[in-house]
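Novice: Below you will find the structure I want to go over with you.
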Amino acid sequence: MFHEKFAEGIISAKQFNREDIEYILKKGKEMLSETNSNLLKGKILASLFFEPSTRTRLSFESAMYRLGGNVIGFHSEDVSSIMKGESIADTIRTVENYSDCIVMRHSLEGAARMASKFARVPIINAGSGSGEHPTQALLDLLTITEEFGSLDGLNIGLMGDLKYGRTVHSLSILLSYFDANVYFISPVELKMRNRDKDYLQQRRMNYKEITDYRKILDTLDILYMTRIQKERFIDLEEYEKVKGLYIFRQDDLANTKEKFRLLHPLPRITEISSDIDESEKAIYFKQTFYGIPMRKAILAELMKD
Ligand code: NCD
């Protein structure tokens, strides 16, 4: 079922309903206890990263190898024929002949969707400009459900760059299927875009927009911090104005619930002070660990025969 519904791949969190989310999270959980297997033996994943990546690319590639499959690809457009002026469409029309699935990251918001129109193999959106990053959101949910058992009833703050941050766009869409109280915490300049909020309102999501996280910190179960997306700013002066506005430190941690958990998709720049990394409440590195089971589950579902 999932396999058929997602035959074109995973482009947007908007493709999912609650049943799909619960299904793939269950599969991700199952992958936690499976070490290496040959589920995707003989299959080839093409990994096309036109933008920088550490965790997403390496975890997809590691997940593919751990399922017995192989990986081809490039991780800079400098080394592909894009440099010679080839279009994304032509690149995809070529690479689909060499692979069973394509995972791609690109600076253009509609890149993954466009690629899916030219490919017969599933496309996985590993980040499309300021748009979406659906598989990160799935691994974030796996992390939360492993920590808290369920998503319903949680108080969750999404904080930082809600305008350009693609992870929070996908995560808020997925969270709209659960009964969580969500706070969007950002400087006014970096509020969630109207088009994203319109969608969440249609879904009747329960959210509030605030600027001062300290006012609600002691009520939160989860704070999901994000990096200010410097590369998306047209005017760097605007970036300079907002870059140091939120820095989560030891004294903030002291004002949180005992079960509070701090998440971050990483990379972290200055927004979380490194002296709290050892706290059991800071789980952003544990979160990277969940990238493997979640991406194993996604690859296995999309490529199964
Ligand atoms: C994020 C991304 O690339 O969108 N990182 C990730 O995939 N884990 C977050 C970011 O770059 O700030």
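Heads up, the sequence shown is in the numbering used here, so the first residue is -9 and it goes up one at a time.
Using N, Cα and C, we set each Cβ at its ideal position, and we do this for glycine too.
Every value quoted in this text rests on a predicted model; they were computed, and no experiment measured them.
Give a yes or no on contact between the region 83 to 101 and the region 15 to 23, applying the rule of three or more CB pairs nearer than 8 Å.
Specialist: No, they do not touch.
Novice: Would P124 be called buried (16 or more neighbouring beta carbons within 10 Å of its own) or exposed?
Specialist: Buried.
Novice: Just tell me which of Q126, S2 and K74 has its CA closest to the CA of S49.
Specialist: The option with the nearest alpha carbon to S49 is Q126.
Novice: What separation, rounded to the nearest whole angstrom, lies between the Cα atoms of E199 and K74?
Specialist: Each residue's alpha carbon lies about 45 Å from the other.
Novice: Taking R83 as the reference, which of D186, A109 and F40 has the closest Cα?
Specialist: When only C-alpha atoms are compared, the closest one is A109.
Novice: Below 7 Å, is the gap between the Cβ of R222 and the nearest heavy atom of the ligand NCD?
Specialist: No, Cβ of R222 sits at least 7 Å from all heavy atoms of the ligand NCD.
Novice: Can you list, in chain order, every residue whose CB sits closer than 7 Å to a heavy atom of the ligand NCD?
Specialist: Here the residues come out as S43, R45, T46, G117, H123, Q126, G155, R156, T157, T216, R217, Q219, P255, L256 and P257.
Novice: Which stretch, first to last residue, makes up the alpha helix (DSSP H) that contains G147?
Specialist: Note, G147: premise wrong, no alpha helix (DSSP H); beta strand (DSSP E) at N145 to M149.
Novice: Determine the closest residue to Y280 out of D295, K4, S118 and E137, with distance taken between C-alpha atoms.
Specialist: Nearest of D295, K4, S118 and E137 to Y280, Cα basis: E137.
Novice: Excluding the 5 residues preceding and the 5 following F39 in the sequence, name in chain order all residues of the same chain whose CB lies nearer than 6 Å to its CB.
Specialist: Closer than 6 Å at the Cβ level, and outside the excluded window around F39, lie R47, H65 and R95.
Novice: Would you say the region 184 to 196 touches the region 212 to 230, given that touching needs at least three Cβ pairs under 8 Å?
Specialist: Cβ pair count under 8 Å is below three, so no.
Novice: Pick helix, strand or coil for H123, following the three-state DSSP scheme.
Specialist: DSSP places H123 in coil when its eight states are reduced to three.
Novice: Is there contact here, the region 22 to 33 with the region 261 to 277, by at least three beta-carbon pairs under 8 Å?
Specialist: With the cut-off at 8 Å, the region 22 to 33 and the region 261 to 277 do not touch.
Novice: Helix, strand or coil, according to DSSP, for S0 in the structure here?
Specialist: Looking at the sequence provided, one finds Ile at residue 0 rather than Ser. It is a strand residue.
Novice: When DSSP labels each residue in this structure, what does F138 get in the three-state scheme?
Specialist: F138: helix per DSSP, three-state reduction.
Novice: In its own chain, which residues sit with a C-beta less than 8 Å from the C-beta of K181, not counting the 5 before and 5 after it?
Specialist: Cβ within range, chain order: L152, K153, F174 and E199.
Novice: My understanding is that L98 touches V61, with C-beta atoms under 8 Å, so please give their C-beta distance in whole angstroms.
Specialist: Not a contact, Cβ separation roughly 23 Å.
Novice: Between the alpha carbons of S176 and G155, how many angstroms are there, rounded?
Specialist: The straight-line gap from Cα to Cα measures roughly 11 Å.
Novice: Could you tell me which residues DSSP pairs with E199 in its beta bridges?
Specialist: Per DSSP, F174.
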